[in-house]
Every structure is written in structure tokens, then in C-alpha cells.
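Mapping of the sequence shown onto the working numbering: position 85 corresponds to residue 85, and the numbering continues sequentially without gaps.
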Amino acid sequence: MLAYGLVRMSKIPEAFNPSSQSRVDTTSPHPLPPYPPTPAPLITRQDLEKHIDVLREQGWHFRQASGRCNKTGYTATWWELRHSGRFSSFKRVMEYVNDVADLAKAEKHHPTILIFDRVNVAISLDSHDTIERPATILNSPDSSTLVARWPGITLRDIRMALRINPLFARHNIVDRILPVDDRIPSYEELTSVHVEK
């Protein structure tokens, strides 16, 4: 039942629905790579070299992640792109996270966003819809491989990170939190996947 004076509409026009429009200005001083096809190929060595300095300047680093792949029954370990930062208040954190969510919607990306201690935010980027590639099976006597669509870093992740970068200044990030061991993995390490039963 509708209240007096209300009209039922099958779809709210975009002008009245601000969440359907990206309210985030993502003008990046660094050129964005083109949006990759689906399934996305892993980042190339040339693309990594082209964008790594800009990402590192803003506090992005590489981190290993792992998860269970229900289709294969294996637990996989891969690399992801990550940024951790501290903001001045919980309100700033929520504004930042909402802007990242708007960007994610526009980019059709699904970052992992963690808020801890009210003012700290960690964002992890990887693509689960990558091309099929082999993974090394750990603890296997014959060092066999298993081919599947494993998560990894693609241009989609680089593009998303570059679009997030301007938000750090807008939301007054206080500090970028880098890991103690902030090494850059080799290209071979970065594109590899290890699995175990």
C-alpha cells in the first residue's frame, strides 16, 4: 500500500538516486591503464614497471594472501596489492570507505576493505577472474601443476589503485602503514600461485 502523495516507480531516475552516479572525482595525475577484458590476463612485466613507482609513492605494497578454492579443493597462495593507512577520525574513515565503494562499483571491482581500531583502513586488491594458469602443488612428490583460474594481480587492480590514490589527500590520510618486510617480489614470484590440499 502506498502512502498518500507517493507514486510507485519501477526505477528511480538517476537524478534522484545519487548512489547510482559516482560522486567521486577520480582525476589521476598518472594515466590510467585501459580496462582489461574478462577473464583478465595477469599484469605484464612492462605494465608493472610502468606503474610500480607511482603505486609505491602512495604506500601500496605487495602481500601474500591465501584462500580455499572450493572448485578444486585446494588452498591457494597468491600475491595481492595492498594499502594500509591511518585517518584522523572514524568519520573520515567512513567517508573514505564510501568513496572507495563508489569507485569499486564504477570499476566493477570487489576490493577487500578492513577497518580496525576505528581509524585504520587496509584495502587489498586482486582479481579472481583471471586467465587460467598453472599453480605449483606444494608437498607433491612429482612437483606437478594444476591449471585453473587462480587469483592474481591484473591491470584491473592497478587501475583501481590509481583511482584510489587521489582519495588519500581528499580524506587527509595521517599515515601510511607499511609492512616491516616491504620487499618487492620478483615478477615470477608475483605471477606464481602455490596450492596444497
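Every residue, glycine too, gets a C-beta built ideally from N, C-alpha and C.
With a CB to CB cut of under 6 Å and the five nearest residues on each side skipped, what residues in its chain are close to Arg68? Thr75
Taking the straight line between their C-alpha atoms, what separation do you get for His128 and Ser84? 21 Å
Best match in Leu167, Tyr35, Ala148, Asp126 for proximity to Pro111 [C-alpha to C-alpha]: Asp126
Going straight from the alpha carbon of Ser192 to that of Ala65, what length do you get? 12 Å
With distances taken Cα to Cα, identify the nearest neighbour of Val97 among Glu80, Glu132, Ile123. Ile123
Residue from Arg156, Asn165, Ile158, Trp78 with nearest C-alpha to Pro29: Asn165
Find out if the Cβ-Cβ distance for the pair Ile158, Asp47 is shorter than 8 Å. yes
Assuming Leu103 and Arg176 make a contact with CB atoms under 8 Å, what is their CB distance in whole Å? Their Cβ separation, rounded to whole angstroms, is 19 Å, which puts Leu103 and Arg176 out of contact at 8 Å.
Determine contact between the segment 54-62 and the segment 106-120, defined as no fewer than three beta-carbon pairs at a distance below 8 Å. no
Hey, Thr154 and Pro37 are a contact pair by Cβ (cut 8 Å); roughly how many whole angstroms apart? Not quite, the Cβ-Cβ distance comes to about 10 Å (not below 8 Å), so this is no contact.
So, at 6 Å on beta carbons, what are the nonlocal neighbours of Gln233 in its own chain, with the 5 sequence-adjacent residues on each side left out? No statement about residue 233 is possible, as the shown extent of the chain runs from 1 to 197 and does not include it.
Tell me whether Val121 is buried or exposed, calling it buried when 16 or more other Cβ atoms sit within 10 Å of its Cβ. buried
Ile123 in three-state terms, based on DSSP: strand
Taking the alpha carbon of Thr136 as the reference point, which residue from Ser89, Glu188, Ala161, Ala106 has its own alpha carbon closest? Glu188
Residues near Asn172 in its chain [Cβ-Cβ closer than 8 Å; skip 5 each side]: Phe87, Ser88, Arg92
Give the DSSP bridge partners of Arg63, in chain order. Glu80
Specify the secondary structure class of Pro134 as computed by DSSP and reduced to three states. strand
Measure the C-alpha to C-alpha separation of Ala169 and Ala161 and round it to an integer number of angstroms. 14 Å
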